[in-house]
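Numbering (numbering that gives the first Met the number 0), first residue to last: 0 to 662.
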Amino acid sequence: MHNFSKKLVFVHLFIFVFGFFTPVCQAEESPAKFYLAGLTVSDIGVEYQWHLQKIGAPDAWIETQGSNDIVVAVIDSGVQMDHPDLKNNIWINPNEISGNGLDDDNNGYIDDVKGWDFIENDNEPEPKLENWHTEIAIHHGTAVAGLIAAEGNNAFAGAGVAWKAKIMVLRAFDELGESDTVIVQRAIEYAMKNGADIINMSFVGLGYSRDLEETIKKAYQQGILLVAAAGNESGNNHGTNLDNIKSYPVCFGENGENWVLGVAGVDKDDKRAEFSNYGKSCIDLSAPATDIYSSLFYSSKDSDFNKFFGGKLNGTSMSVPQVSGAAVLIKAIHPNYTNKEITEVLINSTDNIDGANPYFAGLLGSGRLNVAKTVGYEPISMELNKEQEVKYVLGSNPGDEPKIWLLDGKGDVKKEFYAFAPSFRGGVNLALGDVDNDGMTEIVAGAGAGGGPHIRIFNLSGELEYQFFAYDTNNRNGVKVAIGDLDGNGKSKIITVEARNGKRVRVYNQNGIEAGKEIDIAGIASQIALGDMNKDGKDEIIVAIGNNIKTLNNKGELLGEFVYVYNKSMAVADMNNDGWAEIVLTNGKIVKTYTLNGRLLSPGFSGADFVSSGDRDNDNEYEILTRTGSEISIWDKYFNRTATLYPLGKDSKVKFNAYIISR
């Protein structure tokens, strides 16, 4: 029977497994360099970081060094945020104003600009030297952060597995390396609330906590990848079989769902590190855990902390951040991969190490992390389901039942359902995008003219996730919808304008809460679309007002305008992949693309009743979809037709709009 204790002390893995720190002298040495195909790494300490070569990081860096859009929450003993190798990779809360004494983003924490200290309950989550402390505990969080995302190729100290990522610093362990489940739970909840993509948990405890389990489950279901240490056995140096004696959080999960990616430790010969725990039920893969060099906490006032970089660090605490860093590289290449898909890639791209571990075969996960394989691996589930997964979404036009159809890659209908009451005949306006920022596409439906300003959000299984009214409930103008990022913070919002007499543009989050000021577009919009028209990292609003196509910023200020007569449908897409979106228009006779100021970019091709755009084959290049009668055509960036579909039948009289799902 589980012991449902309210508080459970977690002890950092390093308490008994870190060896000693052997500092690397930086100032007196010339930068040591090694060379890759087309890539030179100048970091002084990389030659000491044998683990990077072992896991194939240099080869992976040719493909990607990470992304500043990816946030890794490090729940640990605090991180030195001005460390030369980390300062450029520290997460900054974009919605908090520093030093004004206010909780600007209403997340429950005042001035949490760079994370939070859950031990001292303040906004300075760095290690604390004021109290009695252990050297190991002070260094631990900084070392973990360095293994994930120490800045690479900057001619200083070492490098992380990912050179680019944002570390969300959450201090949940004290200067002795101790914490409890309540504090850890609060830190996870903060990470969930503030946009973490990955949570690094280089700690372990022996007891079970139902509350912590529920929090871990919610984080997993929110789409966050959680990575945790197997733990180390301090008593006999033989490790513990976690199939017999569970540890947490590494062993959380139920019904076959892998909530936490469990990481065991190996040495330079791929043998199980003698202290590492193991087991089939909790361990997913292994990573180097001995003689590890990384960033260290530095203080000019204390001789015990007089180096920025060093080793030799031992423990599965050091294995976990290597896997977290690898996850950053995967997500940098495939930003729409879910936590399940990233887990699948990590587990299935390892090197088999059973031969080096005859007594632990199958007990160290799928093998040892290989980042070079990881960045080129595609999830098996995606390979199997490419033709079966939902690729297109249709929405009915006025006059027909208010249906939505989900199509696979061959254009076959996989499911159909009502967006609104079956008796409604005003049509369904659709937009597709990740509105809750969980890595999955949602379908946002707005009732057509004659309906209320009703917004309904569905997932790709056709299940209703949320609904709200964008304007007064008595309004019967209907509502058109678009999805985009108007403020450049990486989070998509729902943009609305009334379908009839539409003069007011409003911005909402996925919960129907207004996320910006109402914008007066100085005219009545018949069409609305979003796209980054000027390469500023923010989506602009493109509206068709009469015969004028106008581009507005998020304040409603005019950025560009041109005349296009008899516009029937409009889409926005970066067709030549240069970072500048183009406007795609059809008048029913010809389809053409333009810049925001009306410069014609293509001679056009035969017209259509409707146009939309999306990345159909996940190659980072947009295709154009056109619909004429019952026929859908797909066109590449050179305006070559690549597919023709008749999803509702060639002779169908049902009129619809169609959209490509970009993944």
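Ideal Cβ placement from N, Cα and C applies to all residues, glycine included.
Along the chain, where does the alpha helix (DSSP H) that runs through I187 open and close? Within the sequence shown, numbered from 1, the residue matching residue 187 stands at position 188. It spans T180 to K192 - the alpha helix (DSSP H) in which I187 sits, taken as one unbroken run.
Return the chain-ordered ranges of every beta strand (DSSP E) run that is complete within the stretch 425–473 and spans a minimum of 3 residues. Here the runs fully enclosed are 427–432, 441–446, 453–457 and 463–468.
For the alpha helix (DSSP H) containing M317, name the first residue and the last one. For the purposes of this step, residue 317 is taken as the residue at position 318 of the sequence shown. Element bounds for M317: T315 to I332.
What is the DSSP secondary structure of P30, reduced to helix, strand or coil? Taking the sequence shown and counting its residues from 1, one reaches residue 30 at position 31. For P30, the pLDDT reaches just 30, beneath the cut-off of 50, and the residue's location in the model is therefore unreliable, although a value from the coordinates is still provided. Three-state result, P30: coil.
On the CB-based measure, 16 or more other CB atoms within 10 Å of its CB, does N466 come out buried or exposed? Position 467 of the sequence shown, counted from the start, is the residue given in the question as residue 466. For clarity, residue 466 is Gln in the given sequence; the question names Asn instead. With a 10 Å radius around the Cβ and a threshold of 16 neighbouring Cβ atoms, Q466 comes out exposed.
Are the stretch 294–303 and the stretch 393–412 touching, with three or more C-beta to C-beta distances below 8 Å? no
With a Cβ-Cβ cutoff of 9 Å, do F117 and A186 count as a contact? Counting from one through the sequence shown, the residue named residue 117 turns up at place 118. Counting from one through the sequence shown, the residue named residue 186 turns up at place 187. In this structure, A186 lies closer than 9 Å to F117 by Cβ.
For K588, I'd like the list of residues in its chain whose CB is within less than 6 Å of its CB, leaving aside the five on either flank, ordered along the chain. Stepping through the sequence shown from its first residue, residue 588 is reached at position 589. So the list reads G606, once near-sequence residues are dropped.
Got a sec, what are the start and stop residues for the beta strand (DSSP E) D519 sits in? If you number the sequence shown from 1, residue 519 lands on position 520. I518 to G530 is the extent of the beta strand (DSSP E) around D519.
Which of the three DSSP states is assigned to E686 in this structure? Any question about residue 686 goes unanswered here, given that the chain covers just 0 to 662.
Below 6 Å CB to CB, which residues in the same chain sit around D353 once its five sequence neighbours on both sides are set aside? Start at 1 with the first residue of the sequence shown, and residue 353 comes out as number 354. In its chain, beyond the 5 residues on either side, A360 have a beta carbon closer than 6 Å to the beta carbon of D353.
Any beta carbon of chain C sitting closer than 9 Å to that of S323? Within the model displayed, chain C is absent; a lone protein chain is all it includes.
For N257 and L363, what's the separation of their Cα atoms in angstroms? Walking along the sequence shown from the start, residue 257 turns up at place 258. Walking along the sequence shown from the start, residue 363 turns up at place 364. Rounded to whole angstroms, N257 to L363 spans 16 Å at the Cα level.
Taking only runs that begin and end inside the stretch 523–596, name each unbroken alpha helix (DSSP H) of 4 or more residues, in chain order. List check, alpha helix (DSSP H) in window: nothing returned.
Tell me the DSSP bridge mates of V610? Within the sequence shown, the letter at position 611 stands for residue 610. Note: V610 sits in a beta bridge opposite T625.
Which residues does DSSP pair with P287 in a beta bridge? Stepping through the sequence shown from its first residue, residue 287 is reached at position 288. BP columns for P287 point to V265.
Quick check on the DSSP output: the alpha helix (DSSP H) that includes T214 runs from which residue to which? Reading the sequence shown from its first residue, position 215 is the one you call residue 214. Start and end: R209 to Q220.
Bounding residues of the beta strand (DSSP E) (the contiguous stretch that carries L224): Position 225 of the sequence shown holds residue 224. L224 -> beta strand (DSSP E) spans L224 to A228.
Assumed close pair Q509, I456 - CB separation to whole angstroms, cut-off 8 Å: Position 510 of the sequence shown, counted from the start, is the residue given in the question as residue 509. Position 457 of the sequence shown, counted from the start, is the residue given in the question as residue 456. Between I456 and Q509 the Cβ distance is about 6 Å, and since that is below 8 Å, they are a contact.
CA-CA distance, I223 and Y563? For the purposes of this step, residue 223 is identified with residue 224 of the sequence shown, where counting begins at 1. For the purposes of this step, residue 563 is identified with residue 564 of the sequence shown, where counting begins at 1. The alpha-carbon atoms of I223 and Y563 are separated by roughly 45 Å.
In the DSSP assignment, what residue or residues form a beta bridge with M80? The sequence position of residue 80 within the sequence shown is 81, counting from 1. Looking at the DSSP assignment, M80 forms no beta bridge with any residue, so it has no partner.
Does the stretch 272–283 come within contact of the stretch 118–130, defined as at least 3 CB pairs closer than 8 Å? Too few Cβ pairs lie closer than 8 Å, so no.
Grouping DSSP H, G and I as helix and E and B as strand, with all else coil, what is T133? Position 134 of the sequence shown, counting from 1, holds the residue named residue 133. If DSSP states are grouped into helix, strand and coil, T133 belongs with coil.
For the alpha helix (DSSP H) holding E62, just list the boundary residues, first then last. The residue given as residue 62 occupies position 63 in the sequence shown. Note, E62: alpha helix (DSSP H), A56 to E62.
State the Cα-Cα distance for the pair G545 and A524, rounded to the nearest angstrom. Position 546 of the sequence shown, counted from the first residue, corresponds to residue 545. Position 525 of the sequence shown, counted from the first residue, corresponds to residue 524. Straight-line Cα distance between these residues: approximately 7 Å.
Can you give me the start and stop residues for the alpha helix (DSSP H) that W49 sits inside? Counting from one through the sequence shown, the residue named residue 49 turns up at place 50. Start and end: W49 to K53.
For the stretch 184–203 against the stretch 157–171, do three or more pairs of beta-carbon atoms, one drawn from each stretch, fall closer than 8 Å, so that the two count as touching? yes
Let's see if you can read the secondary structure: which residues bound the beta strand (DSSP E) around V496? Start at 1 with the first residue of the sequence shown, and residue 496 comes out as number 497. It spans K492 to E497 - the beta strand (DSSP E) in which V496 sits, taken as one unbroken run.
Beta-carbon proximity of T349 to L368, cut-off 9 Å: Within the sequence shown, residue 349 is the residue found at index 350, counting from 1. Within the sequence shown, residue 368 is the residue found at index 369, counting from 1. Yes, they are a contact pair.
According to DSSP, what are the bridge partners of V504? Numbered from its first residue, the sequence shown carries residue 504 at position 505. Answer is I518.
Can you give the beta carbon distance from H50 to Q221, rounded, assuming they're within the 8 Å contact cut? Counting from one through the sequence shown, the residue named residue 50 turns up at place 51. Counting from one through the sequence shown, the residue named residue 221 turns up at place 222. Wrong, their Cβ atoms sit about 30 Å apart, outside the cutoff.
Segment contact flag, the stretch 300–319 with the stretch 236–248, C-beta cutoff 8 Å, min 3 pairs: The stretch 300–319 is not in contact with the stretch 236–248.
Given a cut-off of 9 Å on the beta-carbon distance, is the pair L284 and S365 in contact? Counted from its first residue, the sequence shown places residue 284 at position 285. Counted from its first residue, the sequence shown places residue 365 at position 366. Cβ distance < 9 Å, so L284 and S365 count as in contact.
Given P93 as reference, the closest of S201, M80, Q79 and D110 once Cα atoms are compared: Position 94 of the sequence shown, counted from the start, is the residue given in the question as residue 93. Of the candidates S201, M80, Q79 and D110, the one whose C-alpha sits nearest the C-alpha of P93 is D110.
Just the Cα atoms here: how many angstroms apart are D173 and L128? Counting from one through the sequence shown, the residue named residue 173 turns up at place 174. Counting from one through the sequence shown, the residue named residue 128 turns up at place 129. Near 10 Å, if we compare the C-alpha coordinates of L128 and D173.
Please state the DSSP three-state secondary structure of A144. Working through the sequence shown from its first residue, we reach residue 144 at position 145. A144: helix per DSSP, three-state reduction.
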